[in-house]
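Letter 121 of the sequence shown, counting from 1, is numbered 120 in numbering that gives the first Met the number 0, and no numbers are missing.
In what follows, a structure is listed as structure tokens, so that the remarks can point back to it.
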Amino acid sequence: MSRIADFIDKSARQNVEDALKRAKDNEMYHALLSLTKERALERADAVDRGEITGRLAGVPFVVKDNFLAYGAPTTAASKILEHFSAPLQATAVEKLEAEGAICIGKANLDAFAHGGSTENSAFGPTLNAYDKTRVAGGSSGGSAVVTALDIVPFALGSDTGGSIREPASFNGVVGIKPTYGTVSRYGVVAMASSTDVIGSFTTNVADGELVMDIIAGLDRKDMTTLPDFFKPIEDTKKAQKIGLIKEFMTDDVDDEVLARTNEYIEKLRAAGHTVEEVSLPIVAHTLAMYYIIVPAELSSNLARYDGIRYGTRATGIRTLAELYGRSRDEGFVTENKRRIMIGSYVLSSGFFDAYYLQAQKARTLLINDLNKLFETYDVLMGPTVPTPAFKLGENTADPIKMYLADIMTVPASLAGIPAVSVPAGTSQSGLPIGVQLMSPRRSDAQLLALARQMETV
Ligand code: GLN
0 MSRIADFIDK SARQNVEDAL KRAKDNEMYH ALLSLTKERA LERADAVDRG EITGRLAGVP
60 FVVKDNFLAY GAPTTAASKI LEHFSAPLQA TAVEKLEAEG AICIGKANLD AFAHGGSTEN
120 SAFGPTLNAY DKTRVAGGSS GGSAVVTALD IVPFALGSDT GGSIREPASF NGVVGIKPTY
180 GTVSRYGVVA MASSTDVIGS FTTNVADGEL VMDIIAGLDR KDMTTLPDFF KPIEDTKKAQ
240 KIGLIKEFMT DDVDDEVLAR TNEYIEKLRA AGHTVEEVSL PIVAHTLAMY YIIVPAELSS
300 NLARYDGIRY GTRATGIRTL AELYGRSRDE GFVTENKRRI MIGSYVLSSG FFDAYYLQAQ
360 KARTLLINDL NKLFETYDVL MGPTVPTPAF KLGENTADPI KMYLADIMTV PASLAGIPAV
420 SVPAGTSQSG LPIGVQLMSP RRSDAQLLAL ARQMETV
């Protein structure tokens, strides 16, 4: 059932005031870093006067705080950008505004999107929408939680290795990571340029398709965008061949996650699709590839925050080295620094061949293996995350444990293929569990049509 539809043809001012009130009432979740109240109300009045029209006229939404947007700072949940006011807006935000949508606030995230729990935010964690003692997931935790709490009907996030799908799974909402290059990243703080994508959080698939339809497309300001290809379709091909990745269904995975995934498989079969076990042994190595390639790329992207060109400058400095060192030390969280160090190391002369180049070669093997499976299967699937949302603080002392939660989401990121996490029920204690569906590059429309069909089975 579309949630967005409930906001269409209503008083935009009322929509925005109600959303702002819900944001206030749910402050304890710390899902939002700022509200863009003044600008949102101005735009709402313009919609009500008929000056702004479009498919999303008067519909409130939230963006992750690594999207440049007017009306509040763009912090990327970091101290170094705490006072940064965007001089322009992200293309995705512009496109939504051109259809009349109204941004009411900026969502919390792991600083610079480095993390899987939103505990790495410099401004404190976001709490899970279903259990305040647990993590929201990350890095787009705030965007998932505002959608799950129904503060707004949709939110935008970015996904580099699972940052849309993982929090979607932890909060019982739909998270779409499109084919690499589907949506312009212009005006979004870069993490890892070869896997960063923009996508949506919604309560149902159809709303996600609508949002993606609006934000997708070629952008002259982002040379990595693909020529327009994404158009939602009415129906999926009748019977699809689906491969269940067996390496994602092992004893290491939480029992209830396995149980909900198996139930989803039964529903797929009941709808006339075939599901067969397939093997993708290379997934054993994908985290190793990811945690070399991504730090390498982000260490380059984060070099610009030096306290001179970008970012808050430390005070009381005497030398240039101190200026760089202290500004970056004070401006980044521990996880940012850890990744910058790993990235600089694997790119350094003498180690580049052994780590970065090797990881890129292994990545090609992963892509080849996936392509091979896609010769036989339309869709690949498995759980989205090995567990339901974990406890706050449970994984913070051990980065490796935190990284392990990404094992099921990084393959689609490294291969640039579309993936969606859909709610598949809850654990006995009421924690949401998600299932992930993946398909070949540029088959996003078919993938989402299947996910939508399954909501009615
Ligand atoms: N959890 C993953 C990481 O820490 C994914 C982050 C992301 O997609 N931005 O890198």
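All C-beta atoms, glycine included, are put in the ideal place defined by N, C-alpha and C.
Values in this document were obtained by computation on a predicted structure and should not be read as measured data.
Option nearest residue i by Cα separation, candidates the options
| i | options | result |
| --- | --- | --- |
| K176 | Y185, A68, L286 and E165 | E165 |
| E98 | S299, L430, M437 and L209 | L209 |
| E275 | R303, L243 and A269 | L243 |
| V182 | Y309, N170, S157 and M190 | S157 |
| R48 | L31, D8 and T74 | D8 |
| T311 | D17, A43, P72 and L55 | P72 |
| T363 | N127, R440, M288 and E93 | M288 |
| M248 | P431, R54 and L379 | L379 |
| R54 | A4, T35, E16 and Q88 | A4 |
| G381 | L267, S348 and R303 | L267 |
| G123 | Q427, L449, L391 and I432 | L391 |
| Y28 | N170, F66, F111 and S348 | N170 |
| I292 | E329, I264, Q427 and D352 | D352 |
| N14 | V282, A39, S33 and L34 | A39 |
| R219 | D253, T194 and R184 | R184 |
Local Cβ density within 10 Å of residue i, reported as buried at 16 or more and exposed below that
| i | result |
| --- | --- |
| F350 | exposed |
| A202 | At residue 202 the sequence reads Thr, which differs from the Ala that was named. That one is buried. |
| P469 | As shown, the chain starts at 0 and ends at 456. That puts residue 469 outside it, with no answer to give. |
| P410 | buried |
| S162 | buried |
| H82 | exposed |
| L217 | exposed |
| D64 | buried |
| A320 | exposed |
| P86 | exposed |
| K400 | exposed |
| M222 | exposed |
| E96 | buried |
| M453 | buried |
| S77 | buried |
| V456 | exposed |
| K131 | exposed |
| M0 | exposed |
| Q427 | exposed |
Residue i versus residue j: straight-line alpha-carbon distance, rounded
| i | j | result |
| --- | --- | --- |
| I51 | S168 | 35 Å |
| D233 | L225 | Correcting the residue identity first, residue 233 is Glu in this sequence and not Asp. Taking the straight line from one Cα to the other gives about 23 Å. |
| I213 | S142 | 18 Å |
| T383 | P417 | 13 Å |
| F389 | L257 | 16 Å |
| L188 | A43 | Note that residue 188 is Val in the sequence shown, not Leu. Going by the C-alpha atoms only, they are around 27 Å apart. |
| L516 | V62 | Here the chain has residues from 0 to 456 only, and residue 516 is not among them. |
| T117 | A215 | 26 Å |
| I150 | K237 | 36 Å |
| V145 | L31 | 8 Å |
| T461 | R308 | This structure gives no information on residue 461, because the portion of the chain shown stretches from 0 to 456. |
| A100 | G315 | 44 Å |
| E93 | D250 | 46 Å |
| S326 | D443 | 42 Å |
| G137 | V277 | 28 Å |
| A423 | A89 | 32 Å |
| G198 | R317 | 44 Å |
| G207 | N261 | 25 Å |
| E26 | Y290 | 34 Å |
| T159 | G70 | 26 Å |
| T178 | T395 | 31 Å |
| I341 | F111 | 16 Å |
| G104 | G433 | 26 Å |
Check: residue i C-beta below 7 Å from any heavy atom of ligand 3
| i | result |
| --- | --- |
| K78 | Only ligand 1 can be found as ligands here, which leaves ligand 3 out of the picture. |
8 Å Cβ cutoff, residue i in contact with chain D
| i | result |
| --- | --- |
| T90 | Here chain D cannot be found, since the structure has a single protein chain. |
Fill in: Segments of 4+ residues assigned as alpha helix (DSSP H) that fall wholly inside the region 270–323
285–300
Practice prompt. Output the residue ranges of the beta strand (DSSP E) runs that lie fully inside the region 182–234 and measure 3 residues or longer, sorted by chain position.
Written response: 196–201
Worksheet item: Taking the runs of the beta strand (DSSP E) that are 3 residues or longer, which of them lie wholly in the region 7–82?
Response: 31–34 and 59–63
Worksheet item: Which whole runs of the beta strand (DSSP E) in the region 123–193 are 3 residues long or more, in chain order?
Response: Qualifying beta strand (DSSP E) stretches, in chain order: 153–158 and 173–176.
Item to complete: Pick out the complete beta strand (DSSP E) segments inside the region 316–395, 3 residues or longer, and give them in chain order.
Response: 378–382
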